[in-house]
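In the numbering used here, the protein residues as written are 78 to 386.
In this text, a Cβ means the ideal position worked out from N, Cα and C, and glycines have one as well.
Small disclaimer: the values here were computed from a predicted structure and weren't measured.
Below: the structure, in structure tokens.
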């Protein structure tokens, strides 16, 4: 229901009259923007809007946010995504930890994608299915379309809905009176696109690096809090093969366990208690042994207790 979702369909050449100030996300299926259109889209991105690009029927050589389309490829047999990122971005796991059914998608046609991009999902052979611009975090490229001839994105529904909804949620956060952004290149780009006034935080940071330091800033009537990314506190799991390679030639012991499994910890604690108990028993036994002098006096027939002087 477009009315309920608040969707505006913009015809070619109509970007000048688009309601940019009230928009949260832009879904673009046309040749990548150039000239005046690129300026409108870039201004939308600079103020925090989210953009998802889908390939047009006839890709051009245009480049936007470091990405560009290649040629369409028709797969003789529908293929499924081989790998995808579940830790962050639009394909991340749900709040309950469940993964999106990305592997159930059927891709019948895909468009080449190249440039300064970070793959989020890849097809067999390594070709990107979905990627994020390495220059602008709010720009995502999808190498296929929801059309039935291209993929099962629309038929499956869940993945497409999650991607669009997450893009909208991120864009809506910008429209709110207060917003939190991660320190980094994206925050620097936002600061460059709009004048930030520091309200809290270290004043020693250079004006060109305000997006790299923690603080609170005002942009017109809105407030922005800059903090370090939450991903920095996430411990990445290193695979066994990499560990074996790093410690090749060195002696080390690997303790394998699962999150929430306390068996290995209990074993370590009981091992320490057992060793301490053995040491205590041995010490008690040594202290309980009769003294050598007492044994000698008994052998010579003397009493064990000496009279006091």
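- Distance between residue 117 and residue 96, taken at the CA atoms: about 11 Å.
- Residue 169 and residue 350 have their alpha carbons spaced roughly 43 Å apart.
- Contact between the region 136–146 and the region 207–221 is present: 3 or more CB-CB pairs across the two stretches fall below 8 Å.
- Bounds of the alpha helix (DSSP H) holding residue 116 are 112–123.
- A direct Cα-to-Cα measurement between residue 314 and residue 164 gives close to 12 Å.
- Nearest to residue 121 by C-alpha distance, out of 252, 224, 323 and 330, is 252.
- Taking the Cα positions, residue 234 is about 23 Å away from residue 153.
- For residue 176, no beta strand (DSSP E) encloses it, and the DSSP letter there is neither H nor E.
- In the structure shown, residue 106 adopts extended strand secondary structure according to DSSP, grouped into three states.
- By the C-beta criterion, the region 99–111 is judged not to be in contact with the region 197–204, since fewer than 3 inter-stretch pairs fall below 8 Å.
- Using a 10 angstroms sphere on the CB of residue 158, the tally of other CB atoms reaches 16 or more, which defines it as buried.
- Within the same chain, 129 come within 6 Å of residue 104 by CB-CB distance, once the 5 residues on both sides are set aside.
- Judged by DSSP secondary structure, residue 243 falls within the alpha helix (DSSP H) whose first and last residues are 235–252.
- Taken atom to atom, the span from the alpha-carbon of residue 326 to that of residue 348 is near 28 Å.
- In the displayed model, residue 100 falls within coil according to three-state DSSP, outside both helix and strand.
- Leaving aside the five residues that flank residue 137 on each side, the residues in its chain whose CB is nearer than 6 Å to its CB run, in chain order, 108.
- The C-beta separation of residue 99 from residue 248 comes to about 10 Å, leaving the pair out of contact by the 8 Å criterion.
- Rounded to the nearest whole angstrom, the CA to CA distance from residue 355 to residue 361 is 10 Å.
- A check of alpha carbon separations from residue 218 across 167, 316 and 321 identifies 167 as the nearest.
- About 7 Å separates the Cβ atoms of residue 207 and residue 220, confirming a contact at the 8 Å cut-off.
- Under the three-state reduction of DSSP, residue 329 is assigned to coil, being neither helix nor strand.
- The residue from 171, 119, 91 and 365 with its alpha-carbon nearest to that of residue 243 is 171.
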